[in-house]
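Shown next, in C-alpha cells, is the structure this report addresses.
Chains as they are written, first to last, in my numbering: chain P, 1 to 251; chain B, 252 to 500; chain X, 501 to 793.
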C-alpha cells in the first residue's frame, strides 16, 4: 500500500473527550484524547502544579516497558509546554492510541510486542500537542518534532521501518515554537559531528520560518533532498487557523 | 470582525500594533492571555485575538469543553452530597467539587434552608474562584438577598450538554445579533409554532430546558445540541427548527 | 479511584417520564439504531465502528506460537478488551471495571465460543506450531451500547484480516512475508452479532434498542441477544435487572433478528467495497494470479 507522508489531522474525533485529534504522518496514525484539568487522584496530587498523565497504548497487544518509556519521555516534555502552575492539584490526562504504523513488507513482525519505535515519537508528540490545542489547555508554546535516521552517511527524515532497521542511529528531536530544543533522544552509534548535523537538519525542519518572512530566501540553500520534510510549523498553524475559524464561525 | 482574523497560537508573539493603548484605563487581559513581566503579552491557547480599544481590553476567543470556574459566572451545578454546612456540587464531570453553603439561598435560615437530594440541579453563581481553592457557589444575590432566578431547579425538564463557547453565546445579552444564536427565539416564535418552555443556561456548558410537554423539551434540547454540533448559522437554525418541529409532532 | 459521573436527578426523571410516552431524547424510535458506520484502515484487520457518539476500534493480529498442550490441534484465538482513560477518565489502566469484564465476557461468548473462527485451521504442525490470532478492542468513545458496536468491530476486523501465508514442505515450515506471498484470509464460519435491549419501568414494559449512555444509566435491566443472520442464537445474556415477561422477550428476539440481518448486510457491503478499493490498479489482482496454485 502506498503510504502518504503528508501530515493530516482531524479534530474533535471523540465527542466525549475535552479535546481530541487524529493525526497521521509518515504512515503512522495516532489518536489522542485530552481530558483536563480534572481532579487528580491523591497519589498524583501536587499542591502547586497539575500532574500531566500520558498514556501510550499500542495498536495491538498490551503496553509494556517500551510504552512506559515513551510515556516518560513525552510526560516530561509536555509538562514543560503546559502551564501546569495554572492548575494546582489537577490532572491533565493525555491518552495516545496508536492506530496504525507502516508495515515492513519484508519481515513478519511480531506484532504482539510492538517495538520501541523512535520513528513513532514525533507522531505521538505532534498528536498530543494538537489534542491539547483542541482542548484549549493553556500552554507556554507549541512544538514540532521530527525523527531522523542515520545510515551509511546518509540521513533519512521520517524513516520507514526498513530505514530504522538498517540505520546506525535514530534520533528524535523536538523544538518549541520559540526555537528552543525541547527534546533530544538518540539510539545507536553516532559521532558528535553527526549529532551536530542532525541537530541542524532537525532544526531546519522544525523551525522553518513563516513563508511570508523576508529571511526565507537566505535559508533556501540546502540542496540535500533527504533533509526536506513537510513544513510542520506551517502545517500546525494552518490547521489551527481553520479549526479556530470553524469554531468561531458566528463571529 | 472589521479587520482580518488574528489567529494566534500559544507562545506566539503578538504584534505590538494590535495591543490597544488607552490614555486612562489600565490594559485588561481576558482569557487565553498571560503577562510575562515586564511587558510581554503571550497567548496561551489557540484562538482569535479580540481587542476592545474603548475598554482597553484584549482576550482570546476560543471554544472548549472543560469548564474552568470564574467568578460571577452563572452555572448549572449538580448536588453530589450534603455536609453539615454546605452542599458539595459538581460543575463538570471529574472535577473537584464546588461548595454551596446551606445558607446561600434566598431567605434561608437554619430551619428554612432548602433540602436538596443528591443529583438535584441548581442554578447558581460562582462566588469565589481561585486556582488554589475549590470554587464556591451561591444562589442568592449577596447585596439584595434576592434569588434573582437562582436556586434549585424544579419541574419537568432535562439538562443538555453543549460546548462552552455555545453556552457563552446563549448567555450574551443580544445573543442573536452578537452571538448568532436565534434558535431559542425561533422555537418560541413563528418557526417553532410558539413552543412554551423555559431555559437556564450555565456557563459550564449545561442548559436546562423545562416545559410541561416532554416533546417540547426534546425539540428544544435537540435544536440546541444540533446547532452547537453542526455550527449552524441563523438560516440553518431556522431550517433545523422547522424540521424538528415537523419530525416530533 | 475516580468515580463515574452520574446523571442528575432531573435528567433521570425526565428520561423515564418521556419513555412512558415512547419519546427518546434524540428523537429516535424505540427500536431504532443510531447511524452505524464501519470503516477499515489501510492495513488489513483494522476496523472502526461508529454508532452515534460511540466509537470502537478493533485490530486483529496473528503470530506464530505453540498450541496449548491440551488442544494440540487447535490454534489460539483471544479477544482482548481494555477500556482506557480515553473512554472516560473513570477507567484506569490495568484496573478492570465491571463494564469491561462484562463486555469482554459477552464478546468471548458471542464470537469465540460460538465457533465463528475455525481454530483448527490455525494449526500448522500438531502440537508444535500454530497461529495465535488476537483481536484488540479499543473503546475510543463511550456513549452507550458498547457491546453491539464492539461486536461488529471484532467480527469485521477478523473478516478483514489477512494472516501471512505458510506452507510445509518436507516437514519444514515456511512462513512467507507479505512481499513474497499475498497474505490469506482466516477461515471464517459464521458472523454473530449482538443486539442489546434495555428495559424501563417496573415490569420492564418499555423495551428499547441501542441505548445511549444516559439511557443505560437509567435503565432497569438489559438483555443481549447474539445471533447470526440465519437466526441461530449464540447466547442470550440477561444479567439481573427487572424481571421481563417471557413473551415480550420472544418478541425482542424476533426484532433482534431483523436488526442482525441489517448489520450483517452492512458489514458484507463494506467488506466488498473495501476489497474493490484495494483491487484498484490491478496490483493486487496481479499478485493473486501469480500465487494461484
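Heads up, the beta-carbon is just placed ideally off N, CA and C, and yes, glycines get one too.
{"query": "Residues near residue 347 of chain B by beta carbon distance below 7 Å, same chain, minus five either side", "result": "385"}
{"query": "Environment of residue 158 of chain P [buried if 16+ CB atoms lie within 10 Å]", "result": "buried"}
{"query": "Alpha-carbon spacing of residue 589 of chain X relative to residue 694 of chain X, whole angstroms", "result": "26 Å"}
{"query": "Cβ neighbours of residue 495 of chain B in the same chain (closer than 7 Å, five flanking residues each side left out)", "result": "470, 473 and 474"}
{"query": "Alpha-carbon to alpha-carbon, residue 743 of chain X and residue 512 of chain X", "result": "21 Å"}
{"query": "Beta-bridge partners of residue 685 of chain X, as assigned by DSSP", "result": "X:662"}
{"query": "Inter-residue spacing [alpha-carbon to alpha-carbon] between residue 736 of chain X and residue 723 of chain X", "result": "7 Å"}
{"query": "Alpha carbon of residue 507 of chain X to alpha carbon of residue 499 of chain B, nearest angstrom", "result": "24 Å"}
{"query": "Same chain, Cβ closer than 6 Å to residue 227 of chain P, neighbours up to 5 away in sequence not counted", "result": "For residue 227 of chain P, the predicted model reports a pLDDT of 41, less than 50, meaning its position is unreliable; a value from the coordinates is still stated below. Once the five neighbours on either side are set aside, the close Cβ partners of residue 227 of chain P are 201."}
{"query": "Cβ of residue 561 of chain X within 7 Å of any chain P Cβ", "result": "yes"}
{"query": "In DSSP terms, what residue 540 of chain X is bridged to", "result": "X:547"}
{"query": "Buried versus exposed, by CB contacts within 10 Å (16 or more), residue 144 of chain P", "result": "buried"}
{"query": "Neighbour-count burial assignment, residue 277 of chain P, 16 or more Cβ in a 10 Å radius", "result": "Lying before the first or after the last residue shown, residue 277 of chain P is absent from chain P, which here runs from 1 to 251."}
{"query": "CB contact flag (residue 265 of chain B, residue 287 of chain B, <7 Å)", "result": "no"}
{"query": "Residues of the segment 275 to 304 of chain B whose Cβ lies closer than 7 Å to any Cβ of chain P, in chain order", "result": "295, 296, 297, 298 and 299"}
{"query": "Residue 161 of chain P in three-state terms, based on DSSP", "result": "helix"}
{"query": "Candidates B:370, B:392 and B:353: closest to residue 362 of chain B by CA position", "result": "B:353"}
{"query": "Range of the contiguous alpha helix (DSSP H) that encloses residue 234 of chain P", "result": "232 to 247"}
{"query": "Proximal residues of chain B, C-beta to C-beta of residue 88 of chain P below 8 Å", "result": "382 and 383"}
{"query": "Straight-line gap, residue 7 of chain P to residue 147 of chain P (C-alpha atoms, nearest Å)", "result": "14 Å"}
{"query": "Members of the segment 130 to 145 of chain P near chain B, C-beta cut-off 7 Å", "result": "133, 135, 136, 138, 139, 140, 141 and 142"}
{"query": "Residues within the segment 343 to 358 of chain B neighbouring chain X, beta-carbon criterion of under 7 Å", "result": "344 and 345"}
{"query": "Where the segment 574 to 605 of chain X meets chain P: residues whose CB sits under 8 Å from a CB there", "result": "580, 582, 584, 585, 586, 588, 589 and 593"}
{"query": "Secondary structure of residue 526 of chain X, DSSP reduced to three states", "result": "coil"}
{"query": "Outcome for residue 481 of chain B when other beta-carbon atoms lying within 10 angstroms are tallied against a minimum of 16", "result": "exposed"}
{"query": "Which listed residue (B:322, B:488 and B:311) has its alpha carbon closest to that of residue 382 of chain B", "result": "B:322"}
{"query": "Test item: CB-CB of residue 331 of chain B and residue 388 of chain B under 7 Å", "result": "no"}
{"query": "8 Å contact criterion, which residue 356 of chain B and residue 409 of chain B should meet: CB distance rounded", "result": "Not quite, the Cβ-Cβ distance comes to about 23 Å (not below 8 Å), so this is no contact."}
{"query": "Proximity below 7 Å, CB of residue 449 of chain B to CB of residue 461 of chain B", "result": "yes"}
{"query": "Interface positions of the segment 172 to 185 of chain P facing chain B (Cβ-Cβ less than 9 Å), listed along the chain", "result": "176, 177 and 178"}
{"query": "Given 8 Å, three or more beta-carbon pairs between the segment 25 to 40 of chain P and the segment 576 to 594 of chain X", "result": "yes"}
{"query": "Residue 95 of chain P: contacting residues in chain X (beta-carbon distance under 8 Å)", "result": "584, 585 and 586"}
{"query": "Alpha carbon of residue 215 of chain P to alpha carbon of residue 664 of chain X, nearest angstrom", "result": "Bear in mind that a pLDDT of 36 at residue 215 of chain P, under 50, signals an unreliable position, so the number given afterwards is only what the model happens to contain. Rounded to whole angstroms, residue 215 of chain P to residue 664 of chain X spans 52 Å at the Cα level."}
{"query": "Euclidean distance between Cα positions of residue 753 of chain X and residue 707 of chain X", "result": "12 Å"}
{"query": "Beta carbon proximity, residue 510 of chain X to chain B, threshold 7 Å", "result": "yes"}
{"query": "DSSP three-state assignment for residue 586 of chain X, whether helix, strand or coil", "result": "coil"}
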